[in-house]
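Novice: Provided herewith is a single structure, encoded as structure tokens, for subsequent inquiry.
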Amino acid sequence: MRKRLFRYLIIACLSLQALSQNTKVSGSDADLAVAADSYRKGDFATAAQKYSAILKAEPGLVSAEVGLVRSLLGVEKVDEAFAAASNALAAQPNSAALLAAMADVEFRRAEMSEAELNYIRAIKLDRNEVAAYVGLARLDAAFCLYGRAYRALRAAHQLAPTDPAVQRLWLTTLPRRERMAAIEAYLAGDHPDSAEETQGLQEDLQYLRATITKPVHACKLVNKVESTEINLQTPSSGTKDSDNVSVKVNDRNARLLVDSGASGIVLYGKAGTKSGLEKISDVRVLGIGDKGLRSGYTAAASRIRVGDLEFEDCVVVVLEKTGFPDEDGLIGTDVFSDYLIDLDMRSRKLRLSPLPKRPDEEATPAALTSYGEDDSADEPTSAPGSGQAANAKPAPRIPADRYVAPEMTNWLPIFLFGHHLLIPTRVNDSKPMLFLIDTGAFDNMLSTATARREGYMRPDLYNTGIQGLSGSVDKVYRTHAKLQFGGLAQDNQNVVTFDLSTISRGLGTEVSGLLGFDMLSLLDLKIDYRDGLVDFTYKPKK
């Protein structure tokens with residue numbers, strides 16, 4: 044369940060429950076209902092206009108103020124949402140609904156400590172404030188406190204099981220058949236999702252329909268190898284801004300980019316079509332670039348071999364030919380999340396070893412983390428002769444919170460949004476911001492919003508070409524920034540700068556930059572995906 048739980052937290056779920064709550068008797072019920080209906084259908088701009096009109100006629104109406112804040116978030120007017128929430132709270136500081144709305148804004152601004160405090164304050168003031176439980180579920184899951192996140196989500200579900208934000212998260216905790224039915228029901232009603240978010244759910248539904256009557260593609264290890272060391276390779280062009288690894292997919296060798304900013308195994312063009320894969324369902328992938336979603340499909344590979352590790356029945360994604368001639372695809376480091384990952388780029392080695400055993404935990408077989416795996420909740424837990432029916436519905440497994448092993452007390456806790464590793468980073472003398480650890484990016488990069496706020500931008504005189512899964516980036520700038528994270532610092536006079544708002548919007552929190560290959564290649568990077576921990580060891584060039 045841990046691997047599947049809160050998969051949709053990359054989407055900024057905004058609770059509708061608070062939009063119908065009010066602490067004052069109002070004659071604006073009809074107008075509020077119209078505004079809430081616009082919000083429920085995802086027409087955030089119209090909803091914001093209607094809530095603003097209501098507040099002009101009746102200032103201080105809490106439900107309208109909450110609706111305005113969340114509608115502004117829906118159209119990505121984050122600064123305006125913050126101003127609206129601040130003004131409303133100044134007048135009514137003990138409104139639980141307003142505190143939860145402010146916490147949602149702070150979460151979007153990557154102000155996690157402030158968001159947590161306001162969610163908790165809201166619940167103390169009103170134990171029925173659904174939006175605060177939803178917000179805590181999202182925040183705790185991002186901080187790998189999966190048990191706490193589940194308990195917060197369960198509380199929200201008990202209070203408002205039909206709230207779309209609650210539904211959206213709750214369906215990720217369900218076994219396959221129940222999840223398929225829940226997605227169908229969710230899509231059949233009104234919901235405040237973007238077209239991209241709705242399509243993502245439709246693709247998940249297509250995948251479930253194609254696989255529901257078949258065994259789970261578990262991608263399990265078939266040979267008894269607990270640890271291994273894999274050589275990292277320079278791209279065939281000889282460039283030194285990425286590392287590749289050799290992977291055998293069925294009977295075909297593939298050269299894949301090792302990418303901590305990506306997820307799963309993605310094959311390009313012929314590398315996918317000639318690997319004897321069985322297509323499952325259509326999918327579209329979004330990455331860096333200005334060309335939007337790229338079409339592809341999920342497919343099952345009977346065998347995948349990485350170094351000494353061999354796995355069977357794995358799901359991969361196949362995309363049409365991309366602009367990356369040096370690779371046959373990419374492999375996200377999250378596919379090794381059952382292992383302790385040591386990405387030692389100075390020594391050109393990828394080492395995998397067992398994760399520290401939790402207290403009282405039994406060892407579990409390793410698997411590659413691939414699209415659609417880990418549905419053990421579908422299978423009966425009763426053992427033969429136990430006296431229970433073999434098809435008895437198993438009790439839900441409560442996911443575990445982050446565990447810090449004694450030997451890892453000096454590791455850095457990070458935020459995990461799906462597969463994205465986000466680490467607090469200072470830019471010059473700023474407060475901490477969130478940066479993505481991304482070995483697939485050729486260098487450190489800064490968002491244009493951060494560059495404007497912390498200094499200045501200048502034209503990119505180097506004509507830097509930035510190419511991602513979603514094509515090229517048209518507008519590229521440069522700036523000066525000193526980046527500080529994890530006890531390390533790097534001063535760079537020419538940080539590449541471009542618009543990262545697509546990533547921030549998709550994750551539901553502000554991503555201010557990327558820590559890329561050129562800098563990470565000086566480090567020995569260790570990753571524990573299970574517990575959201577990383578460790579950096581600086582290895583200077585000889």
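To convert, take the position in the sequence shown, counting from 1, and add 43; that gives the working numbering. Glycine included, C-beta positions come from ideal geometry on N, C-alpha and C.
1. For Leu557, which of helix, strand or coil comes out of DSSP?
2. Buried or exposed for Ala297, please, with buried defined as at least 16 other CB atoms from any protein chain shown within 10 angstroms of its CB.
3. Would you list the residues sitting across from Leu393 in a DSSP beta bridge?
4. Can you round the beta-carbon distance between Ser555 and Ser490 to whole angstroms, since I take them to be within the 8 Å contact cut?
5. What residue does the beta strand (DSSP E) around Phe458 start on, and which one ends it?
6. Where does Arg501 land, buried or exposed, given buried means 16+ other C-beta within 10 angstroms?
7. Consult DSSP for Ala492 and reduce its assignment to one of helix, strand or coil.
8. If contact is defined by three or more beta carbon pairs under 8 Å, each pair taking one atom from either stretch, is the stretch 317 to 325 in contact with the stretch 386 to 395?
9. Does the Cβ-Cβ distance between Leu383 and Pro397 come in under 8 Å?
10. Using 8 Å for Cβ pairs, my map puts Glu553 next to Ala261. What's the rounded Cβ distance?
11. Straight-line CA distance for Pro456 to Phe186?
12. Smallest Cα separation from Ala89: which of Leu116, Leu160, Gly529, Val358?
13. Report back the beta-carbon spacing between Pro467 and Phe528 to the nearest angstrom; my notes put them in contact at under 8 Å.
14. To the nearest angstrom, how far is the alpha carbon of Ile480 from that of Ile331?
15. Residues bridged to Ile308 by DSSP?
16. Might you give, ordered along the chain, the residues of its own chain that have their beta carbon closer than 7 Å to the beta carbon of Val326, omitting 5 neighbours on each side?
17. For Gln210, is the classification buried or exposed, using 16 other Cβ atoms within 10 angstroms of its Cβ as the cut-off for buried?
18. Rounded to whole angstroms, what's the CA-CA distance from Thr376 to Asp74? Just pull it up for me.
19. So what does Lys322 bridge to, in DSSP terms?
20. So is Pro475 in contact with chain B if we call contact Cβ pairs under 8 Å?
21. Are at least three pairs of beta-carbons, each pair with one atom in the stretch 459 to 477 and one in the stretch 262 to 281, less than 8 Å apart?
22. Check the C-beta distance from Ile26 over to Leu214 and give it rounded, since I have them as a contact under 8 Å.
23. By the 10 Å Cβ neighbour count, where 16 or more other Cβ atoms means buried, how is Glu422 classified, buried or exposed?
24. Under a three-way DSSP split, which group does Thr476 fall into?
25. From the DSSP output, which residues share a beta bridge with Val290?
26. Grab me the residues of Leu504's own chain with a C-beta within less than 8 Å of its C-beta, minus the 5 sequence neighbours each way, in chain order.
27. Mind checking whether the beta-carbon of Ser81 lies closer than 7 Å to any heavy atom of the ligand PLP?
28. Would you report the Cα separation of Glu269 and Ala532, rounded to the nearest angstrom?
29. Among the residues of its own chain, which have a CB less than 7 Å from the CB of Ala78, if the five just before and after it don't count?
30. In chain order, what residues of the same chain lie with their CB nearer than 8 Å to the CB of Glu450, ignoring the 5 residues before and after it?
31. Can Val173 and Ala126 be called in contact, C-beta distance under 8 Å?
32. What are the boundary residues of the alpha helix (DSSP H) that Tyr189 is part of?
33. Exposed or buried, what is Lys267 when buried is set at 16 or more other beta-carbons lying within 10 Å of its beta-carbon?
34. Have a look at Ile441 and Tyr193 and give me their C-alpha separation to the nearest angstrom.
35. For the stretch 84 to 143, which segments carrying the alpha helix (DSSP H) assignment without a break, of at least 4 residues, lie completely within its bounds, in sequence order?
Specialist: In short:
1. Leu557: strand per DSSP, three-state reduction.
2. Burial call: buried.
3. For Leu393, which the question treats as bridged, DSSP gives the partners Ile273, Leu386.
4. 5 Å
5. 458 to 460
6. That one is exposed.
7. helix
8. no
9. yes
10. In fact, because the Cβ distance is near 36 Å, the residues do not count as touching under 8 Å.
11. 8 Å
12. For the sequence presented, residue 89 should be read as Thr rather than Ala. The shortest C-alpha separation from Thr89 is found at Leu116.
13. Indeed they touch by this definition, with Cβ atoms about 7 Å apart.
14. 14 Å
15. In the DSSP output, where bridge partners are listed per residue, Ile308 has Ile374.
16. If we look at Val326 and ignore the five residues flanking it on each side, its Cβ neighbours are Glu246, Gly339, Tyr340, Thr341, Val360.
17. buried
18. Their backbone Cα atoms lie some 50 Å apart in a straight line.
19. Ala342
20. In the structure shown, chain B does not exist; there is a single protein chain.
21. no
22. Residue 26 lies beyond the residue range present for the chain, which begins at 44 and ends at 585; the question has no answer from this structure.
23. Its pLDDT being 39, under 50, Glu422 is placed unreliably by the model, and the measurement read from it follows with that caveat. Result: exposed.
24. It should be noted that the sequence gives Met, not Thr, for residue 476. Reduced to three states, the DSSP call for Met476 is strand.
25. DSSP output for Val290 lists Ala297, Val349 as bridge partner(s).
26. Arg521
27. In terms of ligand content, the structure shown is empty, and the ligand PLP therefore cannot be addressed.
28. 35 Å
29. Ala90, Lys93, Tyr94, Ile97, Gly110
30. Same-chain partners within the cutoff: Pro399.
31. no
32. 189 to 202
33. exposed
34. 7 Å
35. 87 to 100, 105 to 117, 121 to 134, all fully within the stretch 84 to 143.
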